[in-house]
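Whatever position you read off the sequence shown (first residue = 1), add 693 for the working numbering. Report on the structure given below.
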Amino acid sequence: MAVPPARVVFSESDRSTVAAAVTEILSTGELTLGPRTERFEAGFAAAHEASHAVAVASGTAALEIALRCVGVAGREVVVPANTFYATAAAAVHAGAKPVLADIEASTFALTAESVEAVLSPDTAAVVLVHIGGLITPAVDELRQLCDARGIALIEDAAHAHGCSYLGRPAGSFGLAGAFSFYPTKVVTSGEGGMILTESAELRDEARILRDQGKGAFGTNHHVRHGASWRLSEVNAAVGEVHLRRLKEFVELRRSVAERYTAALAPLPGLDPLVEPPGGRSNFYKYVVLLPRGTDRDGFKREVRERFDVRLAGEVYELPLHRQPVFADLVHGPLPVAEDVCARHVCLPVHSDMTDDEVDQVIAAVSTVHSELAG
Ligand SMILES: Cc1ncc(COP(=O)(O)O)c(C=O)c1O
């Protein structure tokens, strides 16, 4: 049996619950910004111990809105070199210039030193990305650095539903946290995003921006240049149902990761990213560094063709300045990002993964690795 790179998990009973909710939504005609969105917001905030949540159309919208709330237009936003296109694109769309910073190899995250190296009087915000669900132990140092310079720290928590560091949840470290509910994410609403914040002011501003800059829902007074960034009630209903599974999904993913680590960490040359002390990951991705010089495409081909295991997408295959659209981004040397982007793979982790699937992945990775190494 093939092990796919990702699997969207909706049980039969969850599918029935969503179907009933959709029927109700269609019969009431409340298709957007209604009670389901409010419940999804309240549930997501509670799951992350946040005071406020604003549901939006996507994770990218969540990031752009958070950056617009900060007011980054005409200024610079620091992002890690190894992130998804959307992290930097959101800064561009908010009118800012993204500036790439290097990372460290144990969590693939920014460090205070790498950020400090690229700060300028024009820096308005720093976006910390919790890659694969790992929150860096440098998070407090990063916040202090930002606070001391009057710079906003924003979390790109697209990968980090239900993650924490020292018991503090993703979304609680910066001025705002931006989550994605894209289908492969640990919780999905089909499409969607969420902003978590402790700031009532940011919450109010985000609500205005997500609905065409209207001062209030139902009015036609446009007080800001917003956009159509609402989440539909149908998407909110899907998200609400999926959110109820967050705890059990994270538990299962963590047990898969534990088995991967036990089997693969002892192998010479393989270097899985493990939780830092005090960290609790959802293992949105299980990242393994391969030895330098490994032919990653060849590695992936072997595990696919001989073991029917499809590895998940990298985080990320190319640092952003190697993407054609960002070829002209300003940056200094990015040796760690360049190195780890080139030589890691992501093992499949599904919220309903079976022991047999885990065995199949471990056999594939350890066999191909030992052959290539030997
Ligand atoms: C790190 C990161 N940031 C932002 C996004 C954008 O989220 P969305 O696709 O919901 O717009 C994603 C994922 O898709 C992501 O992985």
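By construction, the Cβ of each residue, glycine as well, lies at the ideal position given by its N, Cα and C atoms. Predicted, not measured: the structure shown is a model, and the values here were computed from it.
Within the same chain, show all residues whose beta-carbon is closer than 6 Å to that of residue i, passing over the 5 residues directly before and after it, in chain order.
| i | result |
| --- | --- |
| leucine 966 | Val980 |
| valine 1038 | Val981, Leu1004 |
| aspartate 964 | Leu982 |
| tryptophan 922 | Val749, Ala750, Ala754, Arg903 |
| tyrosine 977 | Gly825, Gly826, His852, Val879 |
Let's test the definition: count the other Cβ atoms within 10 Å of the Cβ of residue i and tell me whether it reaches 16, buried, or not, exposed.
| i | result |
| --- | --- |
| leucine 760 | buried |
| lysine 940 | exposed |
| alanine 774 | buried |
| phenylalanine 801 | buried |
| valine 765 | buried |
| leucine 987 | Here the sequence assigns threonine to residue 987, which means leucine is not the residue at that position. Burial call: buried. |
| methionine 694 | exposed |
| alanine 950 | buried |
| alanine 746 | buried |
| leucine 859 | exposed |
| glycine 870 | buried |
| asparagine 975 | buried |
| aspartate 795 | buried |
| alanine 783 | buried |
What would DSSP say about residue i, mapped onto helix, strand or coil?
| i | result |
| --- | --- |
| aspartate 904 | strand |
| alanine 751 | For clarity, residue 751 is serine in the given sequence; the question names alanine instead. Of the three classes helix, strand and coil, the one that applies to serine 751 here is coil, per DSSP. |
| glutamate 1068 | Because the chain in this structure spans residues 694 to 1067, residue 1068 falls outside the shown range and cannot be described. |
| tyrosine 858 | strand |
| glycine 848 | Residue identity differs from the one stated: residue 848 is glutamate in this sequence, not glycine. Residue state, collapsed to three classes: strand. |
| histidine 1149 | Nothing can be reported for residue 1149, as the shown portion of the chain is limited to 694 through 1067. |
| tyrosine 979 | strand |
| aspartate 833 | helix |
| threonine 1047 | coil |
| valine 1042 | coil |
| proline 965 | strand |
CB-CB under 7 Å to residue i, same chain, minus the five flanking residues each way: which ones, in chain order?
| i | result |
| --- | --- |
| alanine 930 | Val711, Ala714, Val715, Ile718, Arg729 |
| threonine 780 | Leu756, Val772, Val820, Val822, Asp849 |
Can you list, in chain order, the residues of its chain whose CB lies under 8 Å from that of residue i, leaving out five sequence neighbours each side?
| i | result |
| --- | --- |
| valine 702 | Arg938, Phe942, His1043, Ser1044, Asp1045 |
Ranges of the alpha helix (DSSP H) found wholly within the segment 861–921, counting only runs of at least 4 = For the segment 861–921, the continuous alpha helix (DSSP H) assignments of 4+ residues that do not extend past its boundaries occur at 893–903, in sequence order.
Count the C-beta pairs between the segment 845–856 and the segment 741–761 that are closer than 8 Å, then say yes if the count reaches three, no if not.
-> Yes, since at least three Cβ pairs between the segment 845–856 and the segment 741–761 fall closer than 8 Å, the two stretches touch.
Is the number of C-beta pairs between the segment 997–1017 and the segment 1047–1066 that are closer than 8 Å three or more?
-> Segment contact: the segment 997–1017 against the segment 1047–1066, three or more CB-CB distances shorter than 8 Å; contact assigned.
Is the segment 713–720 in contact with the segment 925–933, if contact means three or more CB pairs nearer than 8 Å?
-> With a cut-off of 8 Å, the segment 925–933 and the segment 713–720 count as touching, because enough Cβ pairs lie within range.
Entirely within the segment 752–831 and at least 4 residues each: give me those alpha helix (DSSP H) ranges in chain order.
-> 752–763, 778–786, 805–809, all fully within the segment 752–831.
The segment 930–946 contacting the segment 806–820, beta-carbon criterion three pairs below 8 Å | Judged by Cβ distances under 8 Å, the segment 930–946 makes no contact with the segment 806–820, as fewer than three pairs qualify.
On the three-pair Cβ rule with 8 Å, is the segment 869–888 touching the segment 905–916?
-> The segment 869–888 makes no contact with the segment 905–916: fewer than 3 CB pairs, one atom from each, lie closer than 8 Å.
Can we say the segment 944–951 touches the segment 1031–1045, given the rule of at least three CB pairs closer than 8 Å?
-> The segment 1031–1045 and the segment 944–951 touch, with three or more beta-carbon pairs separated by less than 8 Å.
Counting Cβ pairs, one atom from each stretch, are 3 or more of them under 8 Å apart for the segment 1007–1014 and the segment 789–808?
-> The segment 1007–1014, when compared against the segment 789–808, does touch it at the 8 Å Cβ threshold.
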